[in-house]
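Protein chains in written order, with UniProt numbering: chain A, 1 to 146; chain B, 1 to 301. Take a look at the structure set out below.
Right under this line is the structure:
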């Protein structure tokens, strides 16, 4: 298909390979649909995805902006299943005194809000303790706060 | 003659265009403020009914020569449309007041630091974070620094505002410099280069001794990286091991003439005379803090 297009549109597509025709500048690091995430709890499913080298993908963000922040709920596709999860750390530029993580971390939860794992293996932002609602259930699993 | 006129006309057209563009760029953001020149003219005018009364503050001794490198945040922002003499002075006074309450020791990019922050949700109401300083930025009361550490294989960075009232204590555990001004490349390096234990004990630095430079050469991990580090002239990084075409491209986009661009230097820095004036005032401010501290100590005893 690409070869066909190239033969028809020689002026639009120069001799560069297709992958070099679009810009790849550093992104805003937003968590949006199809963002790859990292499971940081000790759930079986999370471990399986790490071993298989198939990190989960965000397929929906449960807020009005569509951009996931710390404490937001997301729907993820993990190992062929749909699971809900809470964001517990983002790569995005943070405000002063708030941690910025090197990866977009999530903790898996069941549909009733109970966490799937029993422990979170990395530090969790300290200001999550001010939050209300179902997020408080996963804070009990945190080992460290940053 | 015609040639001369043409050149003149062309030049005036160019400068007019330049002015229009630069004024537009400034006025979008600062449409509701007076320009610094206008305010300054009013302050110094003989006709103004509320003429500024200058107080000549006595400076007992000039500042030590290296003070501007130790406390660079006291220098005003060199961006011309952000300048305001009075605002800068008021900010510096607030900074002395904050420093009298919470001392901020000398530190540089590359120093290992610990910051204790007020945190209403933490047990004990404080949160302590230890890390290597990877950036120092901004001017005046907005000055900030960023600490980086790797905890449980998780890279973490926290940016602190130096003069935030939430900061309870700033400790410098290892006073040292690195070969670069910013260490953002640690994000692309293995975890061992940015890991600092939280129970690291402070090593005191003898006052007056030169600050040691840590000449560690960091070995970066494989690409993709956060930035094209081959274009950054980094000194604290080992050979990047890239194909030749990357360096050729870096050479093509490099701007080696910028270090000889006197106007660029003039626009992006504070001139030496003004720096000296500010730093003399800062040294006097620090002496005042020290006097105040001694007085309080005496009163207590």
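Glycine is no exception: its CB is placed at the ideal position from the N, C-alpha and C atoms. Keep in mind the model is a prediction, meaning the values are calculated, not measured.
Under the three-state DSSP convention, the category residue 94 (chain B) falls into: Under the three-state reduction of DSSP output, residue 94 (chain B) falls in the helix class.
State buried or exposed for residue 95 (chain B), treating a residue as buried only when at least 16 other CB atoms are found within 10 Å of its CB. Residue environment for residue 95 (chain B): buried (at least 16 other C-beta atoms within 10 angstroms of its C-beta).
Touching or not, the stretch 93–109 of chain A and the stretch 85–95 of chain B, by the rule of three or more beta carbon pairs under 8 Å? Between the stretch 93–109 of chain A and the stretch 85–95 of chain B there are fewer than three C-beta pairs closer than 8 Å, too few to call the two in contact.
Can you pull the chain B residues whose beta carbon is under 8 Å from the beta carbon of residue 97 (chain A), in chain order? Those are 117, 158, 159, 160, 161, 164 and 166, listed as they occur along chain B.
Note down, in chain order, every chain A residue with its Cβ under 9 Å from the Cβ of residue 187 (chain B). 102, listed in chain order.
Jot down the residue ranges of each uninterrupted beta strand (DSSP E) in the stretch 50–89 of chain B, minimum 3 residues, whole runs only, in chain order. If we require 3 residues or more, the stretch 50–89 of chain B turns out to have no beta strand (DSSP E) run fully inside it.
In DSSP terms, what residue 60 (chain A) is bridged to: Answer by DSSP bridge pairing, in chain order: A:75.
Count the other CB atoms, across all protein chains shown, that sit within 10 Å of the CB of residue 212 (chain B); report buried if there are 16 or more and exposed otherwise. When all chains shown are included, residue 212 (chain B) counts as exposed.
Buried or exposed for residue 226 (chain B), going by 16 or more other Cβ atoms inside 10 Å? An exposed status is given to residue 226 (chain B), since fewer than 16 other beta-carbon atoms sit within 10 Å of its beta-carbon.
With distance defined between alpha-carbon atoms, name the residue in B:233, B:240 and B:199 nearest to residue 219 (chain B). Checking every option, the nearest Cα to that of residue 219 (chain B) belongs to B:240.
With a threshold of 8 Å between beta carbons, is residue 151 (chain B) in contact with chain A? Closer than 8 Å: yes.
Alpha carbon of residue 156 (chain B) to alpha carbon of residue 173 (chain B), nearest angstrom: Between the alpha carbons of residue 156 (chain B) and residue 173 (chain B) lies a gap of roughly 18 Å.
Quick one: which chain B residues come within Cβ less than 7 Å of residue 126 (chain A)? Within chain B, 119, 121, 122 and 127 have C-beta atoms less than 7 Å from the C-beta of residue 126 (chain A), given in sequence order.
Just checking: is the beta-carbon of residue 119 (chain A) within a distance shorter than 8 Å of some beta-carbon in chain B? Taking 8 Å as the threshold, the shortest C-beta distance from residue 119 (chain A) to chain B does not fall below it.
Three-state secondary structure assigned by DSSP to residue 160 (chain B): Here residue 160 (chain B) sits in strand by DSSP.
With distances taken from CA atoms, which of A:64, A:77 and A:66 is nearest residue 38 (chain A)? Restricting attention to A:64, A:77 and A:66, the CA atom closest to the CA of residue 38 (chain A) is found in A:77.
Alpha-carbon spacing of residue 37 (chain B) relative to residue 180 (chain B), whole angstroms: Distance between the alpha carbons of residue 37 (chain B) and residue 180 (chain B) is about 37 Å.
Of the residues B:148, B:70 and B:158, which one's Cα is nearest the Cα of residue 94 (chain A)? Ranking the options by Cα distance to residue 94 (chain A), first place goes to B:158.
Is the distance from the Cβ of residue 195 (chain B) to the Cβ of residue 150 (chain B) below 8 Å? Less than 8 Å separates the beta-carbon of residue 195 (chain B) from that of residue 150 (chain B).
Got a sec: is the Cβ-Cβ distance from residue 131 (chain B) to anything in chain A below 8 Å? With 8 Å as the cut-off, residue 131 (chain B) does not count as an interface residue toward chain A.
DSSP state of residue 154 (chain B) mapped onto helix, strand, coil: Of the three classes helix, strand and coil, the one that applies to residue 154 (chain B) here is strand, per DSSP.
Against chain B, with Cβ distances strictly below 8 Å, would residue 137 (chain A) count as a contact? For residue 137 (chain A), the answer is no, since every Cβ of chain B falls outside 8 Å of its Cβ.
Kindly list, in the order they appear in chain A, the residues whose Cβ is closer than 8 Å to that of residue 77 (chain B). Neighbourhood of residue 77 (chain B) in chain A, by CB distance below 8 Å: empty, with the nearest CB roughly 18 Å away.
Which residue comes first and which comes last in the beta strand (DSSP E) that contains residue 138 (chain A)? Taken as a continuous stretch (DSSP letters only), residue 138 (chain A) belongs to no beta strand (DSSP E), being part of the alpha helix (DSSP H) at 135–139.
Mind listing the chain B neighbours of residue 130 (chain A)? Cutoff is C-beta to C-beta under 7 Å, in chain order. When 7 Å is used as the limit between beta carbons, residue 130 (chain A) is near these residues of chain B: 121, in chain order.
In its own chain, which residues sit with a C-beta less than 7 Å from the C-beta of residue 24 (chain A), not counting the 5 before and 5 after it? Its pLDDT being 49, under 50, residue 24 (chain A) is placed unreliably in this model, and the value from its coordinates should be taken loosely. Excluding sequence neighbours, residue 24 (chain A) sits near nothing in its chain.
For the stretch 72–90 of chain A, enumerate the residues whose C-beta is nearer than 8 Å to any C-beta of chain B, in chain order. So the list reads 89, given in the order they occur along the chain.
Should the stretch 53–67 of chain A be called in touch with the stretch 122–129 of chain A, which here means at least 3 C-beta pairs below 8 Å? With the cut-off at 8 Å, the stretch 53–67 of chain A and the stretch 122–129 of chain A do not touch.
Just the Cα atoms here: how many angstroms apart are residue 263 (chain B) and residue 269 (chain B)? Spanning the alpha carbons of residue 263 (chain B) and residue 269 (chain B) requires a straight line of approximately 10 Å.
Would you report the Cα separation of residue 272 (chain B) and residue 171 (chain B), rounded to the nearest angstrom? Counting only the Cα atoms, residue 171 (chain B) lies some 31 Å from residue 272 (chain B).
Step through the CB atoms of chain A and report whether any lies within less than 8 Å of the CB of residue 135 (chain B). Not one beta carbon of chain A lies nearer than 8 Å to the beta carbon of residue 135 (chain B).
Inter-stretch contact (C-beta, 8 Å, three-pair minimum) for the stretch 105–120 of chain B and the stretch 79–86 of chain B: By the Cβ test, the stretch 105–120 of chain B is not in contact with the stretch 79–86 of chain B, since fewer than three Cβ pairs between them sit closer than 8 Å.
Neighbourhood of residue 52 (chain A) by C-beta distance below 8 Å, restricted to the same chain and skipping five residues each side: Excluding positions up to five away in sequence, the list reads 79.
Per-residue contacts from residue 155 (chain B) into chain C (C-beta, under 8 Å): Considering every chain present, this structure includes no chain C. Its protein chains are A and B.
Please give the ranges of any beta strand (DSSP E) in the stretch 71–124 of chain A, keeping only runs that are unbroken, at least 3 residues long and fully inside the region. If we require 3 residues or more, the beta strand (DSSP E) runs fully inside the stretch 71–124 of chain A come out as 73–78, 81–89, 99–101 and 105–109.
Closer than 8 Å, Cβ to Cβ, to anything on chain B: give me those residues from the stretch 27–50 of chain A, in chain order. Within the stretch 27–50 of chain A, the residues whose Cβ lies closer than 8 Å to some Cβ of chain B are 40, listed in chain order.
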